[in-house]
Each structure stands twice: as structure tokens, then as C-alpha cells.
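Beneath this line is the structure, given in C-alpha cells, with notes to follow.
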Amino acid sequence: MDKTTSIEEIASSIESGMTLGIGGWGARRKPMAVIRELLKTDVKDLTILSYGGPDVGMLAAAGKIRKLVFGFVSMDLVPLEGHFRQARQRGAIEVMEVDEGMFQLGLKAAAARLPFLPTRVGFGSDVMTTNPDIKTITSPYEDGEEFIAMPALKADIAICHVNEADVAGNSRISGPDPFFDEWFCRAADRAYLTTEAIVETDTFNDPMVALQMPIERNLIAGVAHAPCGAHPTSCGPLYGMDVVHLQHYNGLAKEGLDGYVSDFVTGKGLSDYIESAGGYEYVRALPLPIF
Numbered sequence: 005m006d007k008t009t010s011i012e013e014i015a016s017s018i019e020s021g022m023t024l025g026i027g028g029w030g031a032r033r034k035p036m037a038v039i040r041e042l043l044k045t046d047v048k049d050l051t052i053l054s055y056g057g058p059d060v061g062m063l064a065a066a067g068k069i070r071k072l073v074f075g076f077v078s079m080d081l082v083p084l085e086g087h088f089r090q091a092r093q094r095g096a097i098e099v100m101e102v103d104e105g106m107f108q109l110g111l112k113a114a115a116a117r118l119p120f121l122p123t124r125v126g127f128g129s130d131v132m133t134t135n136p137d138i139k140t141i142t143s144p145y146e147d148g149e150e151f152i153a154m155p156a157l158k159a160d161i162a163i164c165h166v167n168e169a170d171v172a173g174n175s176r177i178s179g180p181d182p183f184f185d186e187w188f189c190r191a192a193d194r195a196y197l198t199t200e201a202i203v204e205t206d207t208f209n210d211p212m213v214a215l216q217m218p219i220e221r222n223l224i225a226g227v228a229h230a231p232c233g234a235h236p237t238s239c240g241p242l243y244g245m246d247v248v249h250l251q252h253y254n255g256l257a258k259e260g261l262d263g264y265v266s267d268f269v270t271g272k273g274l275s276d277y278i279e280s281a282g283g284y285e286y287v288r289a290l291p292l293p294i295f
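Now the structure itself:
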């Protein structure tokens, strides 16, 4: 079954009021090509699930987000995401901030079609104070221990960026960390991949390559070719994050996103965007971060 699609078609499948799960982590392997396409649409009132980076900042600044569920929002080497900060300080978005581990458990609960998963994570913090809707549950067994019942974080659509994929939805993340992309896909009704390269299925026959394939193909509704589609975030081992670009974007936070959209989004497809950001050779030469 051929599941190839385009970043434009993925963006057009996202409707106002949906819950959207965005893979990646901070400024690493974010599906930014689709995020930029979303900026061109009239979609609004989204609930966003994300270990956030510029994906969250752009959507917040563009007025697309009603509610954000997150473990953090940062751009790594640019620690504070200014556009997100402006939106939150204005009270423009509803927020549910939880521990990173709790967020993962929320995805896993949704993947298992459970209403919640019990955890000790969160006790001793302000998570319950800032999120009074999160409940506790008492163990039905002899121990009688109290747990936090982390609610399921179910998405209508999930979008992740990978290094390689075939037309059937098999995919490979060849960077050092898959993050929690497979759980975003499992927690969603539909999941889409953007990929640096479309490859033949035989590429995945090597058992060592199979170790880098955490996302099951049956979860994937569509695959879009998007070379350098994570820019300005990194996509190891192919290219690092564009710190200069991220600093420029972040420096516009107080004046708003309009200038950035005019320079890098309006009227531009992916190739046009990459050229305006320095070109494919420039992006692919960006040094990989060392953590």
C-alpha cells in the first residue's frame, strides 16, 4: 500500500479543535515543514501535545493554540522560547504543564486505550497544585498506596519527522535518540511522518537497522518527503540545529511572528524555505550538537 502524501496534504488534514501530537524534543527532529504549512491555514483552537520547541512557539504566536499540554518548551541552545513565553504571559493559551515522565505515561495510557496510568512521579512537586484536574488513586491491594493517576493524552493526529521511510510507512530514526515519537504515533487516531528520504523497503532488511525502527508501519496514515524538513531544528546524524536562525526567530518574539512569516513562510514551499534559510548545503553542514 502506497502511503505517500505531501506536507501540504498533511497540514490540510488538521482541523480546528483537534488535538495534535508533535514528535521530536525541544529543537531536535521536529516536523517543522508541516508546522510552517499550518501557519498558512485558518486552523485554530488546537490542543497541542509536545515536548516543545519552536513548533509550540510558532503555533502559539500565530494564534493556533487553545490548550498546550507539555513537559517543557525550549530550543536547547536557545533556552527560552520567546514566542511561547509571550503567549503564556498574556494568558493567550490554556496550559497543562507536567513532569516529562508523566507526559510519557499520558501517551502510553492513550496508546493502551486506558483512561490513566498510575505513577509516583509528581508527588513532592507543584504538579497537582497547578493541575487540580489530575486525580489520585488508591491501590486496591494490601499496600493501599496512593498514586497519581496520569490521564491519557490522546491525539487526533500525530506528526513526526524521521530520517528514512518507505512508501508503506516503515521508517528509521538513525539519530542517537528516538525520543518518544513511537508513543505519539500510538496515542493518535492517525499518524503522519515527514522524512528526509524515501527509500526502498529492502533498506530495512538489515537487523541492525531494525533496531532503529520504533514506529510500527500500521500506525502510519501517510508519509511525506521533506528533505531538511526539521530545520531549524536538528536531525541527527544529518544536520544540527540552526542556532543563528533560532536566535533570529527568537529575537522577534516581542514584535510578533508576522515578519518571520513574511520572510520564511508566505508563498514558500519547502525548497523555497530552505533556500531562504541558506540552502540545502548550508543546512546539511550545520554542526551536530554535543550533549
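First residue of the sequence shown? That's 5 in the numbering used here, and the numbers climb one at a time after it.
Quick reminder that beta carbons are idealized off the backbone N, C-alpha and C, glycines included.
What you are looking at is a predicted structure, and each value in this text was computed from that prediction instead of being measured.
> Going by C-alpha distance, which of Y145, C164, A91 is nearest A66?
Replying inline: Comparing Cα-Cα distances from A66 to each of Y145, C164, A91, the minimum goes to A91.
Does N167 come out as helix, strand or coil in the three-state DSSP assignment? N167 sits in a strand when the DSSP states are folded into three classes.
*DSSP-derived helix/strand/coil call for T133*: Correct three-state label for T133: helix.
Check your understanding: Start and end of the beta strand (DSSP E) containing V77?
Key -> Note, V77: beta strand (DSSP E), 69-77.
Check: Should K71 and T51 be called a contact, given that it needs their Cβ atoms to be closer than 8 Å?
Finding: Yes, these two residues count as a Cβ contact at 8 Å.
* To do: Reducing DSSP to helix, strand and coil, say where L118 ends up.
  => The answer is coil: DSSP assigns L118 none of H, G, I, E or B.
| Cβ distance (whole Å) where F120 is taken to contact G75 below 8 Å | Incorrect: roughly 17 Å between the Cβ atoms, too far for contact.
Practice task
Spatial neighbours of M5 within its chain, please: CB distance less than 7 Å, with the 5 preceding and 5 following residues excluded, ordered by chain position.
Solution key: Answer for M5: A172, listed in chain order.
Check: Among L109, S16, L63, F208, which has the Cα closest to the Cα of A96?
Finding: Among L109, S16, L63, F208, the Cα nearest to that of A96 is on L63.
Practice task
Count the other C-beta atoms from every protein chain shown that fall within 10 angstroms of the C-beta of T142, then say buried if there are 16 or more, exposed otherwise.
Solution key: With fewer than 16 other Cβ atoms within 10 Å, it is exposed.
When the Cα of C232 is compared with those of Y286, D210, G263, which residue comes out closest?
Cα-wise, what sits closest to C232 is Y286.
**Request:** Might you give, ordered along the chain, the residues of its own chain that have their beta carbon closer than 7 Å to the beta carbon of L261, omitting 5 neighbours on each side?
**Result:** Same-chain partners within the cutoff: M62, A65, A66, H87.
So what does T142 bridge to, in DSSP terms? DSSP lists E150 as partners of T142.
Q. How would you label P236, buried or exposed, when you count the other beta carbons within 10 angstroms and need 16 or more for buried?
A. P236 is buried by the Cβ-count criterion.
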